[in-house]
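Written below as structure tokens is the structure these notes are about.
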Amino acid sequence: ISDINKSGVDIHNQVSILAQSISDVKNDTFELNLLVESNNEITRLVKHIDQDVENGSSILLQEVKLGFEECKSLPNAISADVNNIIEQISTKIEQIDNNIIKAGCFESAGFFRMSNKCFKLFNDEKRSWEDANNQCKAHAMRLAEPADAVVVELRKYLLDKFGNGGIWIGAKADGSKYAWQDTRMTLRNDNHLWDPDMNPGSYTSTNYCLVMLVNNGKNYFPGQPYFPVECSGKYYTLCEAKC
1 ISDINKSGVD IHNQVSILAQ SISDVKNDTF ELNLLVESNN EITRLVKHID QDVENGSSIL
61 LQEVKLGFEE CKSLPNAISA DVNNIIEQIS TKIEQIDNNI IKAGCFESAG FFRMSNKCFK
121 LFNDEKRSWE DANNQCKAHA MRLAEPADAV VVELRKYLLD KFGNGGIWIG AKADGSKYAW
181 QDTRMTLRND NHLWDPDMNP GSYTSTNYCL VMLVNNGKNY FPGQPYFPVE CSGKYYTLCE
241 AKC
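Letter by letter, the sequence shown follows residues 1 to 243 of the UniProt record's numbering.
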């Protein structure tokens with residue numbers, strides 16, 4: 001009887017183990033089914049996306065395309081806005097510069113205005129061209145680069161106001177021609193303002209610079225005051241406000 005009871009217990013234990021194994025299998029099967037369903041759903045979605053990509057008609061793709069087009073136009077829009085702002089800032093700076101020049105161009109400080117340009121003559125001492133150029137820079141100006149239309153009037157004003165003398169202005173020879181040193185514009189050898197007794201083409205080595213002769217006398221030409229001289233010569237300095 002003892003042996004039978006023992007066998008019964010063993011059988012009961014084996015049945016319990018088997019039942020647990022069956023339960024485990026059921027759970028595993030349920031999870032497997034979930035995985036299969038998930039895989040099927042993924043497969044279906046992939047096929048749907050593939051079809052959408054092929055047809056190019058899904059709402060998602062349309063939104064993506066629309067967003068892409070907007071992104072493509074965005075740099076141009078930003079660039080236009082930036083250029084707009086830069087232009088506005090440049091205009092404001094130009095207005096400020098002009099206002100500063102107008103406000104600061106008064107006779108009590110030695111300035112004078114002509115043809116909307118502001119000049120100042122430094123006749124405290126005579127300087128070389130290089131020193132004259134540095135003198136103008138030290139005052140936030142440049143050696144004068146008077147336009148053709150104002151030269152004769154400017155010469156007369158300087159003669160009447162300050163008397164005879166040669167005055168440095170901002171052109172210098174570069175080996176073949178003369179050029180205004182700040183704007184880099186060429187001063188042609190056939191310009192009508194050259195002194196007729198001088199051939200500028202013969203004085204284009206780099207040690208020659210330009211003076212404006214404001215002397216009065218029969219040997220001087222009021223309408224043709226440009227005269228080439230060696231840059232080491234000493235003359236007064238005519239500066240012009242940059243604008």
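Note that CB positions come from ideal geometry on N, CA and C, so glycine has one too.
Beta strand (DSSP E) segment containing Ala179, residue limits | 178-180
If Asp182 sits next to Thr206, beta carbons under 8 Å apart, how far is it from one beta carbon to the other, in whole angstroms?
-> Rounded, the Cβ-Cβ distance is 17 Å, inconsistent with contact.
Pairing CB atoms from the segment 119-135 with CB atoms from the segment 157-171, are three or more of them under 8 Å?
-> yes
Reducing DSSP to helix, strand and coil, say where Val214 ends up.
-> coil
Would you mind stating whether Glu122 and Phe112 have Cβ atoms separated by less than 8 Å?
-> Strictly speaking, residue 122 in this sequence is Phe, with Glu absent from that position. In this structure, Phe112 does not lie closer than 8 Å to Phe122 by Cβ.
Whole-angstrom Cβ separation of Tyr226 and Leu193, contact assumed at under 8 Å?
-> 5 Å
In three-state terms, what does DSSP make of Arg44?
-> helix
Would you kindly report the start and end of the unbroken alpha helix (DSSP H) that includes Cys231?
-> First-last for Cys231: undefined, no H or E at that position.
How about Leu213 and Asp195: do their beta carbons lie closer than 8 Å?
-> yes
To the nearest angstrom, how far is it from the Cα of Asp24 to the Cα of Glu37?
-> 20 Å
Grouping DSSP H, G and I as helix and E and B as strand, with all else coil, what is Thr29?
-> helix
Under a Cβ-count criterion, where at least 16 other Cβ atoms within 10 Å of its own Cβ denotes burial, should Arg142 be classed as buried or exposed?
-> buried
What are the residues that DSSP puts in a beta bridge with Tyr208?
-> Glu230
Does the beta carbon of Arg142 fall short of 7 Å from some heavy atom of the ligand ATP?
-> Looking at this structure, you won't find the ligand ATP or any other ligand, since it has none at all.
Alpha-carbon to alpha-carbon, Pro228 and Asp197 = 11 Å
Which term fits Pro222, buried or exposed, when burial requires 16 or more other beta carbons within 10 angstroms of its beta carbon?
-> exposed
Using DSSP with H/G/I as helix, E/B as strand and the rest coil, what is Phe106?
-> coil
When the distance is taken between beta carbons, is Cys231 closer than 8 Å to Lys172?
-> yes
State yes or no: is the C-beta of Leu158 within less than 8 Å of the C-beta of Asn216?
-> no
Could you name the residues of the same chain whose beta carbon sits closer than 7 Å to that of Ala144, not counting the 5 residues immediately before and after it, in chain order?
-> Phe119, Ile169, Gly170, Leu238, Cys239, Glu240
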